[in-house]
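Trainee: In this text, residue positions in the sequence shown follow our numbering: the first is 336, and each later residue adds one.
Ideal placement from N, C-alpha and C gives every residue a C-beta, glycine not left out.
The structure that follows is given in the form of structure tokens.
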Amino acid sequence: MYESYFDDDVDYTSEAVLERAYALGVASVCDTPGSEEYERLKANSPDAYDESILELAYEEGRARALSLEADDEPDEEIWERLVEQELGDISGDDDAGTDTPADGLPEALSKSPLSDGPPESLSLPSFLRR
336 MYESYFDDDV DYTSEAVLER AYALGVASVC DTPGSEEYER LKANSPDAYD
386 ESILELAYEE GRARALSLEA DDEPDEEIWE RLVEQELGDI SGDDDAGTDT
436 PADGLPEALS KSPLSDGPPE SLSLPSFLRR
């Protein structure tokens, strides 16, 4: 499952490393464990902090998969639910299906449109005037 979902890239972003570690944790329950790949990811960690975060991602994937396995879910459904749906498309087309403005900011952070009302609605309230 893991091999068919992830390619054999050598260079990863830090987010991709965490996604791979999470998926390896899920695969260790559903499929054959990819211990060589996991050890390679750990060996490429720049420091102990990054390595511990990687281990946490692996353990999180493993724990969630074990939880679903205890509910008698089939391995393919566990993989689909935890990796394919949670991680989504790994091709890098993050904005392919989303409605984000051209500036890339979410709606809550974008500039609000000016009020269509009279300008006095934009002035100071009376209790702030002298």
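Just confirm the distance between the C-beta atoms of Arg-416 and Leu-401, as a whole number of angstroms; I'd bet it's less than 8 angstroms.
Mentor: One-based indexing of the sequence shown puts residue 416 at position 81. One-based indexing of the sequence shown puts residue 401 at position 66. Actually they are not in contact, since the Cβ atoms of Arg-416 and Leu-401 sit about 13 angstroms apart, beyond 8 angstroms.
Trainee: In the structure shown, what three-state DSSP assignment does Gly-423 receive?
Mentor: On the sequence shown, residue 423 is found 88 positions in, with the first residue counted as 1. Reduced to three states, the DSSP call for Gly-423 is coil.
Trainee: Could you tell me the alpha carbon to alpha carbon distance between Tyr-384 and Ser-461, rounded to whole angstroms?
Mentor: Residue 384 sits at position 49 when you count from the first residue of the sequence shown. Residue 461 sits at position 126 when you count from the first residue of the sequence shown. The alpha-carbon atoms of Tyr-384 and Ser-461 are separated by roughly 54 angstroms.
Trainee: I need the straight-line Cα distance from Leu-359 to Ser-387, nearest angstrom please.
Mentor: Indexing the sequence shown from 1 puts residue 359 at position 24. Indexing the sequence shown from 1 puts residue 387 at position 52. Approximately 15 angstroms, taken between the alpha carbons.
Trainee: Measuring alpha carbon to alpha carbon, tell me which of Leu-376, Val-361, Pro-409 ends up nearest Glu-394.
Mentor: Within the sequence shown, the letter at position 59 stands for residue 394. Closest by alpha carbon: Val-361.
Trainee: DSSP state of Glu-395, grouped into three classes?
Mentor: If you number the sequence shown from 1, residue 395 lands on position 60. Glu-395: helix per DSSP, three-state reduction.
Trainee: By Cβ distance below 7 angstroms, which residues in the same chain neighbour Glu-372 in space, the five residues on each side in sequence not counted?
Mentor: Within the sequence shown, the letter at position 37 stands for residue 372. The answer, listed in chain order, is Leu-359.
Trainee: Do Ala-392 and Ala-356 have their CB atoms nearer than 8 angstroms?
Mentor: Numbered from 1 along the sequence shown, position 57 holds the residue referred to as residue 392. Numbered from 1 along the sequence shown, position 21 holds the residue referred to as residue 356. Yes; because the gap between Cβ atoms is below 8 angstroms, this pair is in contact.
Trainee: Look at the alpha carbon of Ser-349 and the alpha carbon of Ser-380, and state the distance between them as a whole number of angstroms.
Mentor: Position 14 of the sequence shown holds residue 349. Position 45 of the sequence shown holds residue 380. Near 9 angstroms, if we compare the C-alpha coordinates of Ser-380 and Ser-349.
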